[in-house]
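In the working numbering, the protein residues as written are -11 to 361. Since the structure comes first, as structure tokens, the remarks are kept for the end.
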């Protein structure tokens, strides 16, 4: 039996459990899905927390020859400390920026409305009020004001940001299930392998383990690479915006960096939101901020992204949009992110299967090239 194929890592087991739970949500209707999420969410949190902490635990075990219990304790302590520091340094400043932005929103939007209204009126050749009837001018101004005033309501969605952050932190911290999963790592792996090989043939069990391991590798590489890439883009954006003295530089950079995690559509969403924030806060900086974000996206797509991610995505824009649409309908923003590596896994497995079938047919290289034309 091929030992390389039947290798069943702990991360692969956790990955398989998370995927089974998420896919299970597809089999229920909307009303049942809400109840399903409420019941299953703590379990998903526990496995996901264990998935994140396991590399730290393994590092301490191998590097310092620590026992499992001590490694788990140190890993949990370090990750908790990092979350607290980020919450203190970053989240606090971001929340203050959002509050200040919402407080100055009415005044800023009125200035923006007046500026755009005057420019539009001048653009169509109405330089003097006497040129048109006062009622006509009033109609024009009211129409423009109504259109622009709708922008005021866009940033209100940020009002729940603080509650969301603290809610997530509480759920993660309260998810003690993850710690017990880490402590019982060997037992969980042994039982999972026994059940798999007990109810399926050895050949099929080997292939299932191979798929799980491959999915775990794709998922972990994609997540780590994308998070690092997005963090760098957000940091560069923050430094440049500070240099050009853009208001709400931290808030805009956080939006750009966070949305950049989603392939293809993320940078577009982040750019639009950043431009809207700048348009309301400081209309004169809108063009500058838009240009900076556009250049950053080009840099990320052409240089930074390929350097960090390599060919880890390997699918076209069409399939990325399909993956984001379908997975987003099931799991929201989190599903949109997880859907991309899932499509990559399916694509790789299909290609491997196709190549095996073509190899069985003993097709020549010339015949294969003709099929690709």
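The beta-carbon is built from N, C-alpha and C at its ideal position, and this holds for glycine as well.
Just how far apart, CA to CA, sit residue 146 and residue 178? Summary for residue 146: the model assigns pLDDT 48, below 50, so the residue's position carries little reliability; its value from the coordinates is reported in the next sentence. Each residue's alpha carbon lies about 46 Å from the other.
Residue 313 to residue 324, Cα distance in whole Å? Cα to Cα, residue 313 sits roughly 7 Å from residue 324.
For residue 289, is the classification buried or exposed, using 16 other Cβ atoms within 10 angstroms of its Cβ as the cut-off for buried? Note on residue 289: under 16 other CB atoms within 10 angstroms of its CB, so exposed under the neighbour-count rule.
Pull up the distance between the alpha-carbon of residue 199 and that of residue 64, whole angstroms please. Looking at the two C-alpha atoms, the distance is approximately 29 Å.
Check this for me: beta carbons of residue 45 and residue 32, under 7 Å apart or not? Going by C-beta atoms, residue 45 is not nearer than 7 Å to residue 32.
The alpha helix (DSSP H) with residue 177 in it runs from where to where? Where residue 177 is concerned, the enclosing alpha helix (DSSP H) stretches over 173 to 187.
By the DSSP assignment, the alpha helix (DSSP H) with residue 271 in it spans what residues? Counting along the chain, residue 271 sits inside no alpha helix (DSSP H), nor does DSSP assign it H or E at all.
Just the Cα atoms here: how many angstroms apart are residue 197 and residue 311? Whole-angstrom Cα-Cα distance: 24 Å.
Under the three-state DSSP convention, the category residue 252 falls into: Coil, per DSSP.
Should residue 330 go down as buried or exposed, given a rule of 16 or more other Cβ atoms within 10 Å for buried? Buried: at least 16 other Cβ atoms inside 10 Å.
Cβ-Cβ separation, residue 270 to residue 235 (assumed contact under 8 Å), whole Å: Confirmed, about 5 Å.
Indicate whether residue 221 and residue 254 have their beta-carbon atoms separated by less than 7 Å. Not closer than 7 Å, so no.
By alpha-carbon positions, which one of 206, 169, 37 ends up nearest to residue 332? Checked all of 206, 169, 37; the closest Cα to residue 332 is 206.
For residue 58 and residue 211, I'd like the C-alpha separation in whole angstroms. Rounded to the nearest angstrom, the two C-alpha atoms are 27 Å apart.
So, under 8 Å CB-CB, residue 38 and residue 170 are touching, yes? Tell me the CB distance rounded to an integer number of Å. Confirmed, about 5 Å.
Just the Cα atoms here: how many angstroms apart are residue 50 and residue 346? Rounded to the nearest angstrom, the two C-alpha atoms are 43 Å apart.
How big is the Cα-Cα spacing for residue 219 and residue 175? Put simply, the backbone Cα of residue 219 is about 36 Å away from that of residue 175.
For residue 237, which option in 275, 247, 226 has the closest C-alpha, if you only look at C-alpha atoms? With distances taken between Cα atoms, residue 237 lies closest to 226.
Three-state class that DSSP yields for residue 234 in the structure shown: The answer is coil: DSSP assigns residue 234 none of H, G, I, E or B.
When you compare each of 257, 274, 308 to residue 334 by their alpha carbons, which one comes out closest? Closest by alpha carbon: 308.
Going by Cα to Cα distance, which pick from 168, 336, 70 is closest to residue 375? The displayed coordinates of the chain run from -11 to 361. Any statement about residue 375 would go beyond what the structure contains.
Pairwise C-alpha distance: residue 36 and residue 250: The straight-line gap from Cα to Cα measures roughly 19 Å.
Burial state of residue 286, where buried means 16 or more other Cβ atoms lie within 10 Å: Exposed, by the Cβ-count rule.
Measuring CA to CA, which of 256, 306, 180 is closest to residue 283? Taking only the C-alpha atoms, the option nearest residue 283 is 256.
How big is the Cα-Cα spacing for residue 172 and residue 67? Rounded to the nearest angstrom, the two C-alpha atoms are 20 Å apart.
Determine the DSSP secondary structure at residue 324, reduced to helix, strand or coil. Helix.
Delimiting residues of the alpha helix (DSSP H) encompassing residue 349: No alpha helix (DSSP H) holds residue 349; DSSP gives it neither H nor E.
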